Structure formats: C-alpha cells, structure tokens
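S.K.:
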C-alpha cells in the first residue's frame, strides 16, 4: 500500500481469508484483514508524528447468498453487525474515524455483479439494495466532525484533540425478506481513517473487531457462492457447497475525507 504521492494501492483475492500489514513511507501502520468463514474483518490506520498525510485502510468482502424455505415462500431473516475498537487524535485540525456496513442486494438473473473501476474491483451500481446497516465512530476536531456529520450520521463521536484514547462498541441488526426464488449479493465494508497533520497525529484501530452473522433465519437455510460464508461461526443455518464466486477486496491508501460514526467510553 503506501504512497507519498497519494495513490491508492489495491489488492484483491478470491481466497476466503486475507490479511495485509503495510507501512507508509513515513512509518504509519496500515493493516486490514477479513475472514468470510467467521464473518469478521478489521482495519487499522495509525499515523506517526512525521506523517502529515491523511489515510484510509479499507477491507471489503463480497459474496452471494441464496435461501431455501420449507414451503418455498419468502421469510424474514435478521443479521447482526458489530464494531468495536479505539480512536484517538492529537491534531488541532484532524480526526480519526472508523465505520462498518453490511448491504444486501437483489442480483437475481445476473451472472456477475462486480466490475473493475478506477479504484479497483467494485460492485455494479445498478442493483436494488434490499437492506443495509452501518456503524460509524469519530474522534477529533469539532469543525471537521461537524463537516463530516453533514454526510454521515455518527452513532457516537467525541470532540477531542488531546490524544485521549476512546473505546467504541456497538451492535446493530438488519432484517429483510429472503425469497427462495432470488439470488442476493452481500457486501461487508470495514474502514479505518486517520487525518492528522504536522502538528498532531490520529489513530484508528479497529483491526480485530468487525463481525456479521445471522441471528434469526425463521427456519430458512442459506447457501453462499463461496461455500465459506459463516462456516466457522457456529451460525444458525448450514453453509453450502463451494462455488468460487467470493471476492475479498483489500485497498489501503492515502486520500481524502472519509465518513465515520462512533460509540464512546474514555480509557483512563
């Protein structure tokens, strides 16, 4: 990853697990990991005092899902999304953020739902979003957080430029009608962002703490295109036969503003 020039560095894999540890030219720590079998992911961007570039560590997982029910009728299913980690900021005009989201799309009838873009591999934008949930946290300068909050609703945030470390922990759920006659695409996104300056540093450490899973299937079972989704999580439904259509996208780069939300408890 790296890049004093501000360019993105993207890595892709069709493996069902991935992790990457990178160091910028200024010594900042950039990490990301994902495991489809447990539904877990993590990202970290921790600046050094010599690094005045803002940056992002981003991990995105993609898979496909299909459902079966006893009477072949749609049924309501519920998934959980959780995020916990640490944020701090000493920059008088900086901030640190982290966010995670899960989105379900109706991709029925499509043989492919991912495409190349200037920023690497991404999702085709024409699909109908069936359900989504997001968690967003932030710590930093009030001006920047208020500006970001115009585009993103933070779940929790702290106006703080003293360098105090804040701990965040939140779980949300999303519910949708799973139709056995449809195919769904699932996208799981986890990001850590740090935007410090020469006068201070920012740190976003959410490396070990993003997780998704089914909490209610109402008698339905599911199959994933990868055959790996939640296989090792002890989920409430069986996971199906492998068919390699899963893609994990890892992108860590130095570039502009990023949105975030948070849940906070100061660590003494």
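Numbering (the working numbering), first residue to last: 520 to 787. Positions of the beta carbon are idealized from the N, C-alpha and C atoms, including for glycine. Please read all numbers here as calculations on a predicted model, not as lab measurements.
Where DSSP assigns a beta bridge to residue 748, which residues make up the other side?
M.R.: In the chain shown, counting from the first residue as 1, residue 748 sits at position 229. Note: residue 748 sits in no beta bridge, so no partner.
S.K.: Evaluate the contact criterion for the region 581-598 versus the region 684-699: three or more CB pairs, one atom per stretch, below 8 Å.
M.R.: Result yes; three or more Cβ-Cβ pairs closer than 8 Å.
S.K.: Decide yes or no for the touch test of the region 611-625 against the region 647-662: beta carbon pairs closer than 8 Å, at least 3 of them.
M.R.: Cβ pair count under 8 Å is three or more, so yes.
S.K.: Taking DSSP's pairing of strands, which residues face residue 708 in a bridge?
M.R.: By one-based count along the chain shown, residue 708 stands at place 189. Answer by DSSP bridge pairing, in chain order: 579, 620.
S.K.: Going by the DSSP bridge assignment, what does residue 538 pair with across the sheet?
M.R.: Residue 538 sits at position 19 when you count from the first residue of the chain shown. BP columns for residue 538 point to 552.
S.K.: Tell me the rounded alpha-carbon separation between residue 727 and residue 669.
M.R.: On the chain shown, position 208 is the one that residue 727 refers to. On the chain shown, position 150 is the one that residue 669 refers to. If I take the Cα positions, the gap works out to 29 Å.
S.K.: For residue 665, count the other beta carbons within 10 Å of its own beta carbon; 16 or more makes it buried, fewer makes it exposed. Which is it?
M.R.: Here residue 665 is taken as the residue at index 146 of the chain shown, counted from 1. It counts as exposed.
S.K.: Taking only three categories from DSSP, how would you classify residue 683?
M.R.: Indexing the chain shown from 1 puts residue 683 at position 164. Coil at residue 683, not helix or strand.
S.K.: If you reduce the DSSP assignment to three classes, tell me which class residue 666 lands in.
M.R.: As a first step, residue 666 must be located in the chain shown, where it is residue number 147. Helix.
S.K.: Looking at the strands, I want to know which residues DSSP matches up with residue 714.
M.R.: As a working note, residue 714 is residue 195 in the chain shown. Note: residue 714 sits in a beta bridge opposite 614.
S.K.: Which residue from 672, 602, 547 puts its Cα closest to that of residue 575?
M.R.: In the chain shown, residue 575 corresponds to position 56, counting from 1. Checking every option, the nearest Cα to that of residue 575 belongs to 547.
S.K.: According to DSSP, is residue 563 helix, strand or coil?
M.R.: Your numbering for residue 563 matches position 44 in the chain shown. Residue state, collapsed to three classes: strand.
S.K.: Would you call residue 590 buried or exposed, if buried means 16 or more other Cβ atoms sit within 10 Å of its Cβ?
M.R.: In the chain shown, residue 590 corresponds to position 71, counting from 1. When all chains shown are included, residue 590 counts as exposed.
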